[in-house]
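Participant:
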Amino acid sequence: MSLVTTRASQLRSCTTCASNRVTEIVMTLTDGSSVDFVSCHACESRSWTQAGRALDISTVLTKATKPRLGSAAA
Ligand SMILES: [Zn+2]
Numbered sequence: 246m247s248l249v250t251t252r253a254s255q256l257r258s259c260t261t262c263a264s265n266r267v268t269e270i271v272m273t274l275t276d277g278s279s280v281d282f283v284s285c286h287a288c289e290s291r292s293w294t295q296a297g298r299a300l301d302i303s304t305v306l307t308k309a310t311k312p313r314l315g316s317a318a319a
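The sequence shown maps to residues 246 to 319 in the working numbering.
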C-alpha cells in the first residue's frame with residue numbers, strides 16, 4: 246500500500262464532534278483517485294471522504310491495493 250500525500254489543506258471541522266482541531270490530508274491512491282483524510286485531535290475520530298462522500302476504510306484500502314490489470318492476483 247503506497248499513499249502519496251499531495252497536500253495538507255485548510256482546517257475543516259470534525260464531522261463527529263464539530264471540533265476545529267482536525268488535520269486534513271488529501272491523498273492520491275494507487276488507482277488514481279484522490280481522497281480526503283480527516284483526523285480529529287479532540288475525539289480521535291478519523292474519516293475518509295471522496296468528492297464529499299464518506300468512504301469506508303475498507304473501500305480506501307481496496308483502492309490503495311487495487312491490483313494491476315493482467316496480474317495474477319487471485
Ligand atoms: Zn472530533
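Glycine included, every Cβ here is placed at the ideal spot set by N, Cα and C.
When the Cβ atoms of the region 301-308 are set against those of the region 257-269, are three or more pairs found closer than 8 Å?
Facilitator: no
Participant: Taking 8 Å as the limit between beta carbons, can you name the residues of its chain near residue 308, skipping five residues before and five after?
Facilitator: To locate residue 308, count along the sequence shown from 1; it is residue 63. Closer than 8 Å at the Cβ level, and outside the excluded window around residue 308, lie 274, 275, 276, 278, 280.
Participant: Run through the DSSP bridge pairs and tell me what residue 276 is partnered with.
Facilitator: Working through the sequence shown from its first residue, we reach residue 276 at position 31. For residue 276, which the question treats as bridged, DSSP gives no partner whatsoever.
Participant: Considering only DSSP beta bridges, list what residue 298 is partnered with.
Facilitator: Residue numbering aside, residue 298 sits at position 53 when the sequence shown is read from its first letter. DSSP lists 295 as partners of residue 298.
Participant: What three-state label does DSSP hand residue 284 in the structure shown?
Facilitator: Position 39 of the sequence shown, counted from the start, is the residue given in the question as residue 284. Residue state, collapsed to three classes: strand.
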